[in-house]
Each structure stands twice: as C-alpha cells, then as structure tokens.
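Q: Please see the structure below; I have some questions.
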Amino acid sequence: MALQGFAKLGPSIFLYTPSEYKTGKLVVLCTWLGAADKHIDKYADIFRKVAPNSKILLLKSFVGSMISPYSKQEREMKPAEHVVYHVLDQCSGTTKPQILFHMMSNGGINSATNLLAILQRKLKKPLPLVGLICDSVPTGASYVKTCRAFMYSFPDSFPLNIVSTVCIHVLISLLYISIATGRYEAPEDYWRKSVLDDKLIDSKRIAYIASKSDKMIDWKDVSSHAELARKKGWVVKEFIFDDTPHCNHISKYEGLYVNTVADLWNGGKL
Numbered sequence: 279m280a281l282q283g284f285a286k287l288g289p290s291i292f293l294y295t296p297s298e299y300k301t302g303k304l305v306v307l308c309t310w311l312g313a314a315d316k317h318i319d320k321y322a323d324i325f326r327k328v329a330p331n332s333k334i335l336l337l338k339s340f341v342g343s344m345i346s347p348y349s350k351q352e353r354e355m356k357p358a359e360h361v362v363y364h365v366l367d368q369c370s371g372t373t374k375p376q377i378l379f380h381m382m383s384n385g386g387i388n389s390a391t392n393l394l395a396i397l398q399r400k401l402k403k404p405l406p407l408v409g410l411i412c413d414s415v416p417t418g419a420s421y422v423k424t425c426r427a428f429m430y431s432f433p434d435s436f437p438l439n440i441v442s443t444v445c446i447h448v449l450i451s452l453l454y455i456s457i458a459t460g461r462y463e464a465p466e467d468y469w470r471k472s473v474l475d476d477k478l479i480d481s482k483r484i485a486y487i488a489s490k491s492d493k494m495i496d497w498k499d500v501s502s503h504a505e506l507a508r509k510k511g512w513v514v515k516e517f518i519f520d521d522t523p524h525c526n527h528i529s530k531y532e533g534l535y536v537n538t539v540a541d542l543w544n545g546g547k548l
C-alpha cells in the first residue's frame, strides 16, 4: 500500500504537501523500525485532520540506516534538512514557524535526533518547535533492551528468526564493545539527553505515550524521562496505558491520542 499523497525525496524520506498549505507549518513524523505504510498512514491521517494546512515530513526507519556510519546517515538526511530550511525561510517577522516532532520508538527518535543535530550545526541555534510527541520512547540503555528493539522489526518465523537473532547479537556486541572502550556513547543515553537539550530544541512542551503491555519498551523508562522533563521545566502530558501494544495506542485510545496531538499543535493546555 503506497503512502497517500507523499512524494519520495530519498530512500526513507517522504513529503506530503496539502493543496492549501500555509507558510511555516510542518509536522515531522519519525516512525518506528520497519513500519509498514498501511500503519504509517493512520498517523499521517491524524495530522491531515489536526493540521490540514501543514506539510508532513516523513522519516522512515530501517535497521540498515540505524547501524550505518553517522556520516552516511547525515548524507541521507539531506532532503529532510532542506525541507526544514525551506519552511523556516518562508517565515518572516510576522509569520512564526509552527513545527511539531512526532517520534515513535527507537527508530523514530534516532531519525529525529540525527536531524535536530544536523540542523543545529547549520543554523547555529535550536529549532523552534510547538512541541514533541514521544510514542513508546525513550527507552533506557542496556544490551538486552537494544537487542529487543532490533528484533522487533525482524520476522519471527523459523528459520529467519534464528538467523536474525545471531546477526543482531553480533552487531549489538560490537556496539557495546565500542561503548565500553569509550568510542561511542550508548545511543539510548544520547537520545534521552538530546530530546531535552535546549541547544537543539526551542520548546518546553512534550507528550509521552507508553504502555505497561509493551513487550519492547519498558514504560518505566518513558515515565522516568517524563519526570526528568518536568524537573527541567517542561510542560508535560503523560499517558501510561495498561493494555496497548508497542506503537499502537490508537487502537484503543484514538480519541485521547488525537486530542493530545491537537493540543500540542494548537498550543492548547496539556
């Protein structure tokens, strides 16, 4: 199923522009590892309704992109970078940008923080946002949690599950050896820090959505990050559900989900 109305800008970057686009409006939708188009479209539909005059910049996430060198990730992010620059350039003293980031799981937050870091280096200032949405993210750093996150996007049928499990453990082992020797920071630690970094983001409004039934992300990691945001002076909306699966909270709580998106987008009370 093709994404409705999206133009492909790169291997994992797509742009939707409504017929009645209004200057300065942009939603950056960063999806989870291996998300299918039919599932992504559900979230795109939310923004078509809540923000009908906004462009939607879609950043898909794949295992290959997450384990590739940062220099390659940065090159592949160029089309997204140019979309944001164009939106900002359209704004003047009387027109302020209205930009929202929606991050889903590890794949989404990886895409988002990569883009934010690139923009900060080029703009020399934080990106002005009306808010951020953290759906099933951020997680904490550990070998087991990282493996679990990667395995979620692979098939669980025999014998592919055996092959993918071996490959994932090899890759994650190499990553954690590099972390232990000080070559790299744990990705999860970097994501958790970056989302609240005022050098990257000019905003103090954030929403967290997670579930105790999530088999991939520990809801306590999400909740602890929400508490950290409060301590740093952010206005926080937090939902911890009991019965929804990973990145599928709209299956049971669509009304709450859509209202939260709308409140962030429109500057409503959280």
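For the sequence shown, the numbering used here begins at 279 and goes up steadily by one.
The beta-carbon is built from N, C-alpha and C at its ideal position, and this holds for glycine as well.
The model shown is predicted, which means the values in this text are computed figures rather than measured ones.
Let's test the definition: count the other Cβ atoms within 10 Å of the Cβ of N392 and tell me whether it reaches 16, buried, or not, exposed.
A: For the purposes of this step, residue 392 is identified with residue 114 of the sequence shown, where counting begins at 1. It counts as buried.
Q: By how many angstroms is the C-alpha of N537 removed from the C-alpha of C412?
A: If you number the sequence shown from 1, residue 412 lands on position 134. If you number the sequence shown from 1, residue 537 lands on position 259. Each residue's Cα considered, the two are about 15 Å apart.
Q: Going by alpha carbons, who is nearest to F379 out of D315, L401 and K303?
A: Locating residue 379 in the sequence shown gives position 101, where the first residue counts as 1. Residue K303 is the option with its Cα nearest to F379.
Q: Using C-beta distances below 8 Å, list every residue in its chain close to T522, excluding the 5 sequence neighbours before and after it, in chain order.
A: Mapped onto the sequence shown, residue 522 falls at position 244. So the qualifying residues of the chain are S489, S491, D492, S529, K530 and Y531.
Q: Just the C-alpha distance for L394 and L478, rounded to the nearest angstrom, thanks.
A: Taking the sequence shown and counting its residues from 1, one reaches residue 394 at position 116. Taking the sequence shown and counting its residues from 1, one reaches residue 478 at position 200. Roughly 6 Å between the two C-alpha positions.
Q: Beta carbon of P347, beta carbon of I291: below 8 Å?
A: The count along the sequence shown starts at 1 and reaches residue 347 at position 69. The count along the sequence shown starts at 1 and reaches residue 291 at position 13. Not in contact: P347 and I291 (Cβ atoms no closer than 8 Å).
Q: If you drop the 5 nearest sequence neighbours on each side, which residues of the same chain put their C-beta closer than 7 Å to that of W310?
A: For the purposes of this step, residue 310 is taken as residue 32 along the sequence shown, with counting starting at 1. Beyond the five residues adjoining it in sequence on each side, W310 comes within less than 7 Å, by CB distance, of S339, M382, S383, G385, G386 and C525 in the same chain, given in chain order.
Q: Taking 8 Å as the threshold, find out whether the segment 355 to 369 comes into contact with the segment 396 to 405 through three or more Cβ pairs.
A: Touching, per the Cβ criterion.
Q: Looking at C-alpha atoms only, which residue of H503, W512, K510 and K509 is the closest neighbour of I518?
A: Along the sequence shown, read from residue 1 onward, the residue named residue 518 stands at position 240. Closest by alpha carbon: H503.
Q: Could you work out which residue in S414, T295 and P330 is closest to S501 when comparing CA atoms only?
A: Here residue 501 refers to the residue found at position 223 when the sequence shown is read from its first residue. Of S414, T295 and P330, the residue nearest in Cα terms is S414.
Q: Once DSSP output is grouped into helix, strand and coil, what is the label at I487?
A: Taking the sequence shown and counting its residues from 1, the one referred to as residue 487 is at position 209. Three-state result, I487: strand.
Q: Could you have a look at T295 and say whether DSSP puts it in helix, strand or coil?
A: On the sequence shown, position 17 is the one that residue 295 refers to. Three-state result, T295: coil.
Q: Taking the continuous alpha helix (DSSP H) assigned at L336, which residues delimit it?
A: Here the question's residue 336 lines up with position 58 in the sequence shown. Looking at the DSSP string, L336 is not in any alpha helix (DSSP H); the run it does join, the beta strand (DSSP E), is K333 to S339.
Q: Mind reading off the beta-carbon distance from L335 to L281? Whole number of angstroms is fine, and I expect it under 8 Å.
A: One-based indexing of the sequence shown puts residue 335 at position 57. One-based indexing of the sequence shown puts residue 281 at position 3. Their Cβ separation, rounded to whole angstroms, is 12 Å, which puts L335 and L281 out of contact at 8 Å.
Q: Tell me, which residues are paired with A285 by DSSP?
A: As a working note, residue 285 is residue 7 in the sequence shown. The partner list for A285 (beta bridge, DSSP) reads L293.
Q: Using only the alpha-carbon positions, how far apart do G312 and G283 sit?
A: As a first step, residue 312 must be located in the sequence shown, where it is residue number 34. As a first step, residue 283 must be located in the sequence shown, where it is residue number 5. Going by the C-alpha atoms only, they are around 20 Å apart.
Q: Assign H360 to one of two classes, buried (16 or more other C-beta atoms within 10 Å of its C-beta) or exposed (fewer than that).
A: Taking the first residue of the sequence shown as position 1, residue 360 is located at position 82. With fewer than 16 Cβ atoms within 10 Å of its Cβ, H360 is classed as exposed.
Q: Provide the residue(s) that pair with E516 in DSSP beta bridges, ordered along the chain.
A: Here residue 516 refers to the residue found at position 238 of the sequence shown. In the DSSP output, where bridge partners are listed per residue, E516 has Y486.
Q: To the nearest angstrom, how far is it from the Cα of D541 to the Cα of K286?
A: As a position in the sequence shown, residue 541 is number 263, starting the count at 1. As a position in the sequence shown, residue 286 is number 8, starting the count at 1. One C-alpha to the other measures close to 29 Å.
Q: Just mark L401 as buried or exposed, buried being the case when its beta carbon has 16 or more other beta carbons within 10 Å.
A: Position 123 of the sequence shown, counted from the first residue, corresponds to residue 401. Burial state of L401 is exposed, judged by a 10 Å Cβ sphere holding fewer than 16 other Cβ atoms.
Q: Going by CA-CA distance only, name the one from R399, K374 and S389 that's closest to E354.
A: For this step, residue 354 is matched to residue 76 along the sequence shown. Closest option to E354, Cα to Cα, is S389.
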